[in-house]
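Numbering (this note's numbering), first residue to last: 2 to 219.
Structure first, then comments.
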């Protein structure tokens, strides 16, 4: 339960020693934005190189650094959830959220019955797709619904995260090749576009759930 937290603390201490406090603050701020808002879409904002000295302190993280950051976060969260769901369900604030993810997982299995037959491959695809209900948190719940062992669920989440983050990594490379990162309007427009995609995907998903529930009631 505490292993991923201790490893993360050790990794952050190593980052502080290898770089400086400014870089660590940038890393923590990016991790928070990734967890609460952008998800793995944050990798699309990665630059090609961090630069040196003062330029590096003000530059955003590279797409490689963001890839490793999201992968680390996915694996750390998945390790805790896959092996300690019984404990986490009892927590006052977290428990109800996890039960909501169970409902999401059952809804997806109902709409896409082939995923249950695919089991492991279905979990990998589930985690790969960039949706609020998916990712490492939803994948840990989904693996349990599919009846996978803990080791298989963790491996499936790791593969799904790698594929999803890899797609964003390649996308960031395409963006860097054709977009001027020094143009502030393009930067603002890019952030707005990513937020728009996130909102649209989740709105569409919620609408599908509402329509399915209404159909069941009828």
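Think of the CB as a built atom: it goes at the ideal place given N, C-alpha and C, for glycine as much as any other residue.
Check, Outcome
"Taking 7 Å as the threshold (C-beta atoms), are residue 157 and residue 124 in contact?", "yes"
"Mind reading off the beta-carbon distance from residue 62 to residue 31? Whole number of angstroms is fine, and I expect it under 8 Å.", "6 Å"
"Please classify residue 37 as buried or exposed, where buried requires at least 16 other C-beta atoms within 10 Å of its C-beta.", "exposed"
"Please say whether residue 9 and residue 77 have beta carbons closer to each other than 7 Å?", "yes"
"Helix or strand or just coil, what does DSSP make of residue 63?", "strand"
"Residue 58 by DSSP, collapsed to three states: which one?", "Since pLDDT at residue 58 reaches only 44, below the 50 mark, its modelled position is unreliable, and the value read off the structure follows with that caveat. Note: residue 58 maps to helix in three-state DSSP."
"Could you check if residue 211 is buried or exposed, using at least 16 other CB atoms within 10 Å of its CB as the buried criterion?", "exposed"
"Can you tell me whether residue 41 is buried or exposed? The criterion is at least 16 other CB atoms within 10 Å of its CB, across all chains shown.", "buried"
"Can you name the start and end residues of the alpha helix (DSSP H) that residue 142 belongs to?", "136-146"
"Helix, strand or coil for residue 48, going by three-state DSSP, please let me know.", "strand"
"Output needed for residue 169: all residues of its chain with C-beta closer than 6 Å, excluding positions within five of it in sequence on either side, in chain order.", "41, 44, 45"
"Which of the three DSSP states, helix, strand or coil, is assigned to residue 53?", "A caution first: residue 53 carries a pLDDT of 48, below 50, which makes its placement in the model too unreliable to give a value."
"For the alpha helix (DSSP H) containing residue 112, list its first residue and its last residue.", "95-112"
"To the nearest whole angstrom, what separates the beta carbons of residue 154 and residue 144, a pair I think is in contact under 8 Å?", "3 Å"
"Which same chain residues end up closer than 7 Å to residue 79 when comparing Cβ atoms and leaving out the 5 residues on each side of it in sequence?", "137, 140, 141, 155, 158"
"Hey, is residue 162 close to the ligand ADP, as in C-beta under 6 Å from one of its heavy atoms?", "Inclusion of the ligand ADP in the displayed structure is not the case, the ligand content being empty and no account of it being possible."
"If the criterion is Cβ atoms closer than 7 Å, does the pair residue 85 and residue 147 meet it?", "no"
"Express the C-alpha separation of residue 97 and residue 204 in angstroms, rounding to a whole number.", "21 Å"
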